[in-house]
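J.: Numbering (my numbering), first residue to last: 5 to 356.
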Ligand SMILES: [Mn+2]
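1. According to DSSP, is residue 274 helix, strand or coil?
2. Candidates 97, 247 and 131: which alpha carbon is nearest residue 106's?
3. Within the structure, which residues are defined as neighbours of ligand 2 by a Cβ-heavy atom distance below 5 Å, reported in chain order?
4. Does residue 319 get closer than 8 Å to chain B when you measure Cβ to Cβ?
5. In chain order, which continuous runs of the alpha helix (DSSP H) of length 4 or greater are located wholly inside the stretch 43-93?
6. Buried or exposed, going by whether 16 or more other CB atoms sit within 10 Å of the CB of residue 7?
7. When DSSP labels each residue in this structure, what does residue 234 get in the three-state scheme?
8. Would you kindly check if the distance between the Cβ of residue 26 and the Cβ of residue 196 is under 8 Å?
9. Is there contact between the stretch 134-148 and the stretch 188-207, where contact requires at least three CB pairs shorter than 8 Å?
10. By the three-class DSSP mapping on this structure, what secondary structure does residue 103 have?
11. Where does residue 35 land, buried or exposed, given buried means 16+ other C-beta within 10 angstroms?
12. Is the number of C-beta pairs between the stretch 142-149 and the stretch 178-191 that are closer than 8 Å three or more?
13. Is the stretch 14-23 touching the stretch 42-59 in the sense that three or more CB pairs, one from each, lie closer than 8 Å?
14. Per DSSP, which one or two residues make a beta bridge with residue 313?
15. Which runs of the alpha helix (DSSP H) fall wholly inside the stretch 173-203 and span at least 4 residues, in chain order?
16. Closer than 8 Å is the cut-off here; do at least three beta carbon pairs connect the stretch 88-98 with the stretch 115-127?
17. Tell me whether residue 260 sits in a helix, a strand or coil according to DSSP, three-state version.
18. Which of the three DSSP states is assigned to residue 240 in this structure?
19. Using the C-alpha atoms, what's the distance from residue 186 back to residue 165?
20. Leaving out five residues on either side along the sequence, give the residues of the same chain with a beta carbon under 8 Å from the beta carbon of residue 252.
21. Between which two residues does the alpha helix (DSSP H) containing residue 131 stretch?
22. Beta carbon of residue 312, beta carbon of residue 297: below 8 Å?
23. Which residue marks the beginning of the alpha helix (DSSP H) containing residue 157, and which one marks its end?
24. Determine the extent of the beta strand (DSSP E) in which residue 305 is found, giving its start and end residues.
25. Are residue 331 and residue 291 close, meaning C-beta to C-beta below 8 Å?
26. Comparing alpha-carbon positions, which option in 308, 300 and 207 lies nearest residue 314?
27. May I ask you to list the residues that DSSP assigns as paired with residue 265?
28. Nearest-angstrom Cα distance between residue 63 and residue 76?
29. Spatial neighbours of residue 54 within its chain, please: C-beta separation below 8 Å, excluding the five flanking residues on both sides.
30. Is it true that the CB of residue 245 sits closer than 8 Å to the CB of residue 256?
31. Which residue wins for smallest C-alpha separation from residue 254, given the options 264, 225 and 104?
32. Using three-state DSSP, classify residue 18 as helix, strand or coil.
33. CB-CB under 6 Å to residue 5, same chain, minus the five flanking residues each way: which ones, in chain order?
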């Protein structure tokens, strides 16, 4: 065995840069316990190279793409490992800190357990819940709707915060609570309770808006893609798109098209976003939403979700573009199904 000797000793790291979602928060809590660090910064996958994060040899990066300067990198996204390899990274060097697990928290938990670190016993359950939430590991809509502590805390991060700083402050608060108590207990924290309540309010508004707006394109005879066209609304709508599957449980995807707002003013620019149903088994499907957005040259995403936007000079152009793009998306969506049928008998999970 010629394993690389990059085992860090406690105290070597002073900062954690983590993904700004629930998995990122739990990941930071675990690293924080194992390394006695209380300094947290947050990033999305795109902004990880932002110099403001000051990632260095004293930094642990969690649940994000590889950063060349980071002292330690924990992740579970296979795309990020591929990217790391393409840039000349040695997979052996990250053998213990990268794993194709359901959550990054799982990778970190296992890593430190193997090093002999004793986490509080409740952490096992916390990591299990993180697996479910982060990998969207639900059997069906009912399972997905179940209000588990992990899901509720994760949802509390989806409200609209006054500012980025306010959101970061809340995430730091969450990390500190999560490292010291089981998730059920974290739920009764006043701040978490308040954010959860706000989320539920948004959820209700969202559901009634969906009831009003949801439709299917006439070409979509099987009613596979729920269309939420909010371009006719005067105000910027906030829609939790996936709630549409509760109204149309047989649909496979939801597609939202809206006008973009700038300084609360409606513009003629269009934003599209699409995601697959939680009940669709990705493994048995050829559907790839990110691929659709990339092919149309207007955005990006991964298999389960993607988004794109286009600029329009006038309202008339916007209306025309909207119709054309919706048709194109539906066309590509149909082709992806064809491909899966051609590929043979693997598509039994969703053949109806
Ligand atoms: Mn993750």
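Cβ coordinates follow ideal geometry from the N, Cα and C atoms, glycine included. Please read these numbers as outputs of a predicted model, since none were measured by experiment.
T.: Reading it off the structure:
1. strand
2. 131
3. Although ligand 2 was asked about, the structure shown includes only ligand 1 as ligands.
4. In the structure shown, chain B cannot be found, because there is only a single protein chain.
5. 82-90
6. Confidence in residue 7 is poor, its pLDDT being 40 and thus under 50, which makes the residue's placement unreliable; the coordinate value appears in the next sentence. Residue burial annotation: residue 7 is exposed, with fewer than 16 other C-beta atoms found within 10 angstroms of its C-beta.
7. coil
8. no
9. no
10. coil
11. buried
12. Per the Cβ contact rule, the stretch 142-149 is not in contact with the stretch 178-191 (fewer than 3 Cβ pairs under 8 Å).
13. yes
14. 275
15. 187-191
16. no
17. Three-state DSSP puts residue 260 in a strand.
18. coil
19. 25 Å
20. 218, 227 and 230
21. 127-139
22. With respect to the 8 Å criterion, residue 312 and residue 297 are classified as neighbours on the basis of their beta carbons.
23. It spans 153-160 - the alpha helix (DSSP H) in which residue 157 sits, taken as one unbroken run.
24. 303-305
25. no
26. 300
27. 270
28. Rounded to the nearest angstrom, the gap between the Cα atoms of residue 63 and residue 76 is 7 Å.
29. 47
30. no
31. 225
32. coil
33. Confidence in residue 5 is poor, its pLDDT being 39 and thus under 50, which makes the residue's placement unreliable; the coordinate value appears in the next sentence. Hits under 6 Å: none found.
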